[in-house]
Amino acid sequence: KIMTHAVLDSIAFAFRDSALARPVAGTGFVAAGGTAPFAWETTARGELSMTPKGGEGYALFVQRGFSGEMARQVLRLAPGTYTFAAQVTPASQAHNFTVRMECAGEPGPRLDAQPLGGSVRFTLPASCRYWWLVLEGSAWQAPSGVRAEITDMRFDRQP
80 KIMTHAVLDS
90 IAFAFRDSAL
100 ARPVAGTGFV
110 AAGGTAPFAW
120 ETTARGELSM
130 TPKGGEGYAL
140 FVQRGFSGEM
150 ARQVLRLAPG
160 TYTFAAQVTP
170 ASQAHNFTVR
180 MECAGEPGPR
190 LDAQPLGGSV
200 RFTLPASCRY
210 WWLVLEGSAW
220 QAPSGVRAEI
230 TDMRFDRQP
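For the sequence shown, position 30 (counting from the first letter as 1) is numbered 109 according to the numbering used here, and the numbering increases by one without interruption.
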C-alpha cells in the first residue's frame with residue numbers, strides 16, 4: 080500500500096486522468112467510481128466494509144468491537160487548508176467514522192483523525208506533496224455493529 084514519490088509523479092496522475100470517464104478538477108478527489116489508488120481503495124472484509132451503493136454513495140459497516148481503515152485515496156495537493164464533507168445517514172452514526180490525512184511518502188506527517196458530522200478541516204504543510212485521505216470506522220462504543228451510508232462527499236481547497 081505504501082507508494083513512493085517516484086511512483087506518484089505527474090505521469091501516474093496523467094494516466095489517472097485519461098482513465099476516468101469524466102475529468103478530475105480541483106483537488107483531484109473522486110467521490111465515486113475511478114480506479115484505486117486515485118479513487119477510493121475500499122475495504123471489504125467481514126468485520127469492516129465500505130461498498131459502493133449505486134450513484135455516489137457507499138454502504139458502511141463495522142462489526143461490534145472492531146475498528147479500522149475503511150478506505151483511502153491518494154491526492155496530489157499543494158500546501159494549504161482543505162475541507163472534507165460528507166453526509167452520513169443516519170446522522171446519529173456519523174461519530175463512528177473519522178477522516179484523516181497522512182503523507183504518502185516516508186517519512187511524512189500524519190494529521191489527526193477527525194469525526195465526520197459536518198465539515199472536517201485540514202491544514203497541509205509544504206513538507207509533503209502526495210497525501211492519503213483515509214476514512215476509518217469504529218464500533219468499540221456501539222452496543223451492536225454500526226451500519227450507515229455515506230454520500231455527497233466533497234474535498235475542497237479553502238481560500
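For each residue, glycine too, the CB sits at the ideal point set by N, CA and C.
Using a threshold of 8 Å, state whether the C-beta atoms of residue i and residue j are closer than that.
{"i": "leucine 203", "j": "leucine 156", "result": "yes"}
{"i": "serine 146", "j": "glutamate 215", "result": "yes"}
{"i": "threonine 162", "j": "aspartate 231", "result": "no"}
{"i": "arginine 151", "j": "alanine 218", "result": "no"}
{"i": "valine 153", "j": "proline 194", "result": "no"}
{"i": "glycine 112", "j": "alanine 118", "result": "yes"}
Would you list the residues sitting across from residue i in a DSSP beta bridge?
{"i": "phenylalanine 201", "result": "Tyr161"}
{"i": "leucine 154", "result": "Trp210"}
{"i": "serine 146", "result": "Ser217"}
{"i": "alanine 123", "result": "Ser128"}
{"i": "glutamine 166", "result": "Thr230"}
In the DSSP assignment, the beta strand (DSSP E) including residue i goes from what residue to what residue?
{"i": "valine 141", "result": "137-141"}
{"i": "leucine 127", "result": "127-131"}
{"i": "glutamine 193", "result": "189-194"}
{"i": "phenylalanine 108", "result": "Looking at the DSSP string, phenylalanine 108 is not in any beta strand (DSSP E), and its letter there is neither H nor E."}
{"i": "threonine 114", "result": "First-last for threonine 114: undefined, no H or E at that position."}
{"i": "alanine 227", "result": "225-236"}
Write down the C-beta distance between residue i and residue j rounded to the nearest angstrom, noting that I regard them as a contact closer than 8 Å.
{"i": "glycine 196", "j": "alanine 170", "result": "7 Å"}
{"i": "arginine 179", "j": "alanine 192", "result": "4 Å"}
{"i": "threonine 177", "j": "glutamate 148", "result": "Between glutamate 148 and threonine 177 the Cβ distance is about 10 Å, and since that is not below 8 Å, they are no contact."}
Using 8 Å as the threshold, is the segment 166-177 in touch with the segment 111-131, meaning 3 or more CB pairs across them? No, the segment 166-177 is not in contact with the segment 111-131.
When you compare the segment 136-143 with the segment 178-188, are there three or more beta-carbon pairs, one atom per stretch, that lie closer than 8 Å? Put simply, the segment 136-143 does not touch the segment 178-188. Fewer than three CB pairs are less than 8 Å apart.
Should the segment 218-225 be called in touch with the segment 147-162, which here means at least 3 C-beta pairs below 8 Å? Touching, no.
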